[in-house]
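A.B. asks:
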Amino acid sequence: MPYIFDRYYQGSLSDQKKSSGLGFSIAREIIQKENGTITAESQLGKGTSFWVCFPAARHAPEEKSAG
1 MPYIFDRYYQ
11 GSLSDQKKSS
21 GLGFSIAREI
31 IQKENGTITA
41 ESQLGKGTSF
51 WVCFPAARHA
61 PEEKSAG
């Protein structure tokens, strides 16, 4: 699966289903623009897992207004 996030990549079953090969590439670009990561792991006969991770948001402490 080293090419799954490359543009226009289509797996070995692509002849069974029409696809442009852009889905995972676009998803990765959007996720990376938000400082996230996407990874995948596949086991033949068992399936594929995807992980999407984003950094935890840090909120600035609220300022108290004078008055």
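Position 13 of the sequence shown, counting from 1, maps to 13 under UniProt numbering, and the rest follow consecutively. We put the beta carbon where it would ideally sit given N, CA and C, even for glycine. Being a predicted model, the structure only gives us computed values, none of them experimental.
Terminal residues of the continuous alpha helix (DSSP H) containing PHE24?
C.D. replies: Where PHE24 is concerned, the enclosing alpha helix (DSSP H) stretches over 23–33.
A.B. asks: So, at 6 Å on beta carbons, what are the nonlocal neighbours of PRO55 in its own chain, with the 5 sequence-adjacent residues on each side left out?
C.D. replies: Correct list, in chain order: ASN35.
A.B. asks: For my contact list, ILE31 and VAL52 are in at a C-beta cut-off of 8 Å; report their separation, rounded to the angstrom.
C.D. replies: 6 Å between Cβ atoms; contact.
A.B. asks: Could you check if ARG7 is buried or exposed, using at least 16 other CB atoms within 10 Å of its CB as the buried criterion?
C.D. replies: Exposed, since its Cβ has fewer than 16 Cβ neighbours within 10 Å.
A.B. asks: What are the start and end residues of the beta strand (DSSP E) that includes SER65?
C.D. replies: SER65 -> no beta strand (DSSP E), and no H or E assigned at all.
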